[in-house]
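Encoded as structure tokens, the structure appears first; notes follow it.
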Amino acid sequence: MTDRPLAVDRSQLGLVQAFGAFLLWGVLPLYFRALDNSPIFEIMAHRITWTVLLLIPLVIVLRRSSTVVTAFQSRRLVGVFAVTTVLVSLNWLIYMYAISIERLLDASLGYYINPLINVALGVIFLGETLNRRQMLAVGLAAAGVLNQTITLGAFPWIALGLALTFGFYGLIRKRERIDPIGGLLVETSIILPIAVFGVFWFAVTGTGRFAVGGLWESTLLVGTGVVTATPLILFMMGAQKLRYSTIGLMQYLAPTIQFLIAVLIFKEPFGVANIATFLLIWSGLAIYTWDALTRR
Numbered sequence: 000m001t002d003r004p005l006a007v008d009r010s011q012l013g014l015v016q017a018f019g020a021f022l023l024w025g026v027l028p029l030y031f032r033a034l035d036n037s038p039i040f041e042i043m044a045h046r047i048t049w050t051v052l053l054l055i056p057l058v059i060v061l062r063r064s065s066t067v068v069t070a071f072q073s074r075r076l077v078g079v080f081a082v083t084t085v086l087v088s089l090n091w092l093i094y095m096y097a098i099s100i101e102r103l104l105d106a107s108l109g110y111y112i113n114p115l116i117n118v119a120l121g122v123i124f125l126g127e128t129l130n131r132r133q134m135l136a137v138g139l140a141a142a143g144v145l146n147q148t149i150t151l152g153a154f155p156w157i158a159l160g161l162a163l164t165f166g167f168y169g170l171i172r173k174r175e176r177i178d179p180i181g182g183l184l185v186e187t188s189i190i191l192p193i194a195v196f197g198v199f200w201f202a203v204t205g206t207g208r209f210a211v212g213g214l215w216e217s218t219l220l221v222g223t224g225v226v227t228a229t230p231l232i233l234f235m236m237g238a239q240k241l242r243y244s245t246i247g248l249m250q251y252l253a254p255t256i257q258f259l260i261a262v263l264i265f266k267e268p269f270g271v272a273n274i275a276t277f278l279l280i281w282s283g284l285a286i287y288t289w290d291a292l293t294r295r
């Protein structure tokens, strides 16, 4: 009699944790917009530095230290993590750049098409096959990208850059079965020397905002580590308690919040061309999600 309520409580807790993760990822643009006066590379340097300082005690408490030790003892793993470090760094930079130039709509588009990019990468690199509905979904996403390119006269490199860097990042992590938290500590540790140099360089040259921009801005820069690690931890905890299909549906929450922030708060232009693009992408995602749910 007690197993069922415990199972329900576990699922409800997982739902709250996963929702918290996607909600935080969704409102992250508001946080970075508050750092508009800080150079992007300074934000990046602080984000990496404070993420490492936050993850070290967490990895010890969670007993994930073996992931870090094993990674640095193997030349092959160091090479793998070097690649994932480049990918996640590029992803963060593109994302923050999109926010700084008021292109959050493009960023949300990138995270919308990410699941379909993952499907395509699975076919190319993992030998997976597509059924008719999956092919239609990928085709609609491709049509959306093509429409954006033709009607607006500009290749949507922000959207594709985010989707491809995150897609390849996830692909490598999946093949290597890398622990999310321990793996992120290894990745940020690899680039930590450059980040620490950046923090001091911006401080010494007076071109940064840390300390100079006042207590509020300095606190926000330190907090970049918190807003990076917290949703990842919540997502990891929630994913362990929920079905894959539930997580699959919830993954659209973050780009939807970003989309609404871009249109309603940041007042980014959203014309007919954008509407057509998003409708094509959303149609593809609807077919892809329906296919995933029916097969499971």
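Position one of the sequence shown corresponds to residue 0 (numbering that gives the first Met the number 0), numbered consecutively onward.
Heads up, the beta-carbon is just placed ideally off N, CA and C, and yes, glycines get one too.
Which of helix, strand or coil does DSSP assign to residue i?
i: Ser-37; result: coil
i: Lys-240; result: coil
i: Gly-299; result: This structure cannot speak to residue 299, because the chain is shown only from 0 to 295.
i: Leu-129; result: coil
i: Pro-114; result: helix
i: Glu-175; result: helix
i: Ala-210; result: coil
i: Met-0; result: Only weak support exists for where Met-0 lies, its pLDDT of 48 falling under 50; the value from the coordinates is given anyway. Residue state, collapsed to three classes: coil.
i: Arg-32; result: helix
i: Pro-268; result: coil
i: Pro-192; result: helix
i: Gln-147; result: helix
i: Glu-186; result: helix
i: Gly-19; result: helix
i: Phe-258; result: helix
i: Phe-124; result: helix
i: Ser-99; result: helix
i: Leu-89; result: helix
i: Leu-61; result: coil
i: Gln-250; result: coil
i: Phe-199; result: helix
i: Gly-152; result: coil
Comparing alpha-carbon positions, which option in the options lies nearest residue i?
i: Arg-176; options: Thr-218, Ala-70, Leu-135, Leu-103; result: Ala-70
i: Ala-33; options: Ser-99, Val-87, Phe-18; result: Ser-99
i: Thr-48; options: Pro-192, Thr-206, Leu-89; result: Pro-192
i: Ile-149; options: Gln-11, Ala-272, Asp-8, Thr-288; result: Ala-272
i: Arg-102; options: Leu-252, Leu-52, Val-262; result: Val-262
i: Gln-257; options: Phe-31, Arg-9, Ala-17; result: Phe-31
i: Lys-173; options: Ile-280, Leu-54, Gln-72, Val-79; result: Val-79
i: Ile-260; options: Thr-229, Asp-105, Asn-90, Phe-199; result: Asp-105
i: Pro-28; options: Leu-219, Phe-277, Leu-279, Arg-294; result: Leu-219
i: Ala-228; options: Gly-181, Gln-11, Leu-12; result: Gly-181
i: Ala-194; options: Leu-52, Glu-267, Met-235, Val-26; result: Leu-52
i: Leu-115; options: Ala-142, Asn-146, Ser-10, Tyr-94; result: Ala-142
i: Arg-294; options: Val-211, Pro-230, Val-77, Arg-131; result: Arg-131
i: Ser-65; options: Phe-199, Gly-270, Leu-214, Asp-178; result: Asp-178
i: Val-26; options: Ala-119, Tyr-111, Ile-264; result: Ile-264
i: Val-85; options: Ile-171, Pro-268, Ile-123, Asn-113; result: Ile-171
i: Leu-12; options: Gln-250, Arg-242, Trp-281; result: Arg-242
Measure the beta-carbon distance from residue i to residue j and round it to whole angstroms, keeping in mind my assumption that it falls under 8 Å.
i: Thr-83; j: Glu-216; result: The pair is not a contact, with the Cβ atoms about 30 Å apart (cut-off 8 Å).
i: Ala-158; j: Gly-109; result: 4 Å
i: Gly-247; j: Ala-291; result: 6 Å
i: Leu-231; j: Leu-183; result: 7 Å
i: Phe-209; j: Phe-196; result: Incorrect: roughly 14 Å between the Cβ atoms, too far for contact.
- Query: Should the region 30-49 be called in touch with the region 219-233, which here means at least 3 C-beta pairs below 8 Å?
  - Reply: yes
- Item | Segment contact, 8 Å Cβ cut-off, at least three pairs: the region 158-172 with the region 12-28 | no
- Message: I'd like to know if the region 134-141 and the region 272-290 are in contact, where contact means that at least 3 CB-CB pairs between them fall below 8 Å.
- Response: yes
- Would you call the region 195-205 and the region 55-73 touching, i.e. three or more CB-CB distances under 8 Å? no
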